[in-house]
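Undergrad:
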Amino acid sequence: MKDNIYKKKQKTIKAFAFNEKIATVFSDMLNRSIPGYKTFNDLLANFNIFIQHNTNIYDLGCSLGASIFSITRNNNKKIKKIIAVDNSQEMLQKMKNNAQAKKLNIKYCHADIKDIKINNASIVMLNFVLQFIKTTDKNKILKNIYQGLKKDGVLIIAEKINYKNKMQQELLCKLHYEFKKNHGHYSATEIQQKEIALQQILYAETQKKLKKRLKKAGFKTSTTWFQGLNFIAIVAFG
Ligand SMILES: C[S@@+](CC[C@H](N)C(=O)[O-])C[C@H]1O[C@@H](n2cnc3c(N)ncnc32)[C@H](O)[C@@H]1O
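Here the sequence shown stands for residues 2 to 239, numbered as in this note's numbering.
1) Cβ of V236 within 7 Å of Cβ of I157?
2) Under 7 Å between the Cβ atoms of L45 and S71?
3) Just reading off the beta strand (DSSP E) that G154 is part of, what are its end residues?
4) Enumerate in chain order the residues of its own chain whose CB-to-CB distance from S28 is below 7 Å, with the five nearest sequence positions on each side excluded.
5) Are the beta-carbon atoms belonging to A78 and I52 less than 7 Å from one another?
6) Less than 6 Å separating the Cβ of I23 from some heavy atom of ligand 2?
7) Between the stretch 159-167 and the stretch 95-103, are three or more C-beta pairs nearer than 8 Å?
8) Does ligand 1 have a heavy atom nearer than 6 Å to the CB of D113?
9) Enumerate in chain order the residues of its own chain whose CB-to-CB distance from D4 is below 6 Å, with the five nearest sequence positions on each side excluded.
10) Excluding the five sequence neighbours on either side, which residues of its own chain have a C-beta within less than 7 Å of the C-beta of Y147, listed in chain order?
11) Out of curiosity, what's the CA-to-CA distance linking G62 and W226?
12) Cβ-heavy atom distance between A100 and ligand 1 below 6 Å?
13) Which residue wins for smallest C-alpha separation from K118, given the options K152, D153, I142?
14) Name the two residues that bound the continuous beta strand (DSSP E) containing A234.
15) Under three-state DSSP, which class holds T224?
16) Can you say whether A234 is buried or exposed, counting buried as having 16 or more other CB atoms within 10 angstroms of its CB?
17) CA-CA distance, A122 and G149?
18) In angstroms, rounded to a whole number, what distance separates the CA positions of N145 and V155?
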């Protein structure tokens, strides 16, 4: 369904929330707002090489399940369980509907990713989610993921990033704006109103800071494998 949520001028703009209204249009919203979102998911499918026989895969902040559907696209190994976590019941319900025909062994967890115990995991995915987590909770979440990974397990993490340098930050923001206008066909009002809503719940950081956090959590190395403007994807090795 087409995203028209911020089309009409609103008197006051409330903080962005992953509710029923957003969940209904979320697929369209992501494709029109995140540069390279489709390509990111196509490339993510290749990470099935990290699936280990009889282990778990976690998708933290799964929304409609795009990451799970990608990572299992070409897989022929036995997955013990796929754990799909989101604190939005509306997102989880829509994901369940999307997954019905796919015959995947998915456990749905309506929970905060802060409270999830990770175990026997060969892959954990945290795509476009850590950016919504308060700065004070980010390290704890990454450490918890690291501790639940099996030997040779990986964390795949995608994030909106900021730049410390003012010129770079302004350039990337401008290019992202143009992307939403030209590729997403959003109006200036839609872009501005959504930005105000999102800014109230976003805690984006620099790439350097994110990699520092990964190191602190215990990850041996981390490699950036995709970037679309100010959105990056990293794989971190446990
Ligand atoms: C931008 S969406 C993620 C998109 C999805 N991973 C993908 O790649 O298509 C962010 C999701 O994270 C969920 N979320 C945000 N904070 C969360 C938290 N603390 N615990 C669990 N889920 C959370 C939201 O409900 C939302 O569905």
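In this text, a Cβ means the ideal position worked out from N, Cα and C, and glycines have one as well. Bear in mind the structure is a predicted one, so any value in this text is a computation, not a measurement.
TA: So, to answer that:
1) With respect to the 7 Å criterion, V236 and I157 are classified as neighbours on the basis of their beta carbons.
2) A contact, by the Cβ cut-off of 7 Å.
3) In the DSSP annotation of this structure, the continuous segment of the beta strand (DSSP E) that includes G154 starts and ends at 150-163.
4) So the qualifying residues of the chain are L65.
5) The question names Ala, but residue 78 is Lys in the sequence shown. Yes, they are a contact pair.
6) By its list of ligands, the structure shown excludes ligand 2, since it contains just ligand 1.
7) Judged by Cβ distances under 8 Å, the stretch 159-167 makes no contact with the stretch 95-103, as fewer than three pairs qualify.
8) Yes, the beta carbon of D113 sits closer than 6 Å to at least one heavy atom of ligand 1.
9) These residues qualify, in order along the chain: V26, D29, M30.
10) For Y147, same chain residues with a beta-carbon under 7 Å away, outside a window of 5 residues either side, are A218, G219, F220, G239 in chain order.
11) Near 20 Å, if we compare the C-alpha coordinates of W226 and G62.
12) Checking the Cβ of A100 against ligand 1 gives no.
13) Of the listed residues, the one whose Cα sits closest to K118 is I142.
14) Membership of A234 in the beta strand (DSSP E) is indicated by the continuous run 232-238.
15) Collapsing the DSSP output to three states places T224 in a strand.
16) Within 10 angstroms of the beta-carbon of A234 lie 16 or more other beta-carbons, which makes it buried.
17) A direct Cα-to-Cα measurement between A122 and G149 gives close to 6 Å.
18) A direct Cα-Cα distance of roughly 13 Å separates N145 from V155.
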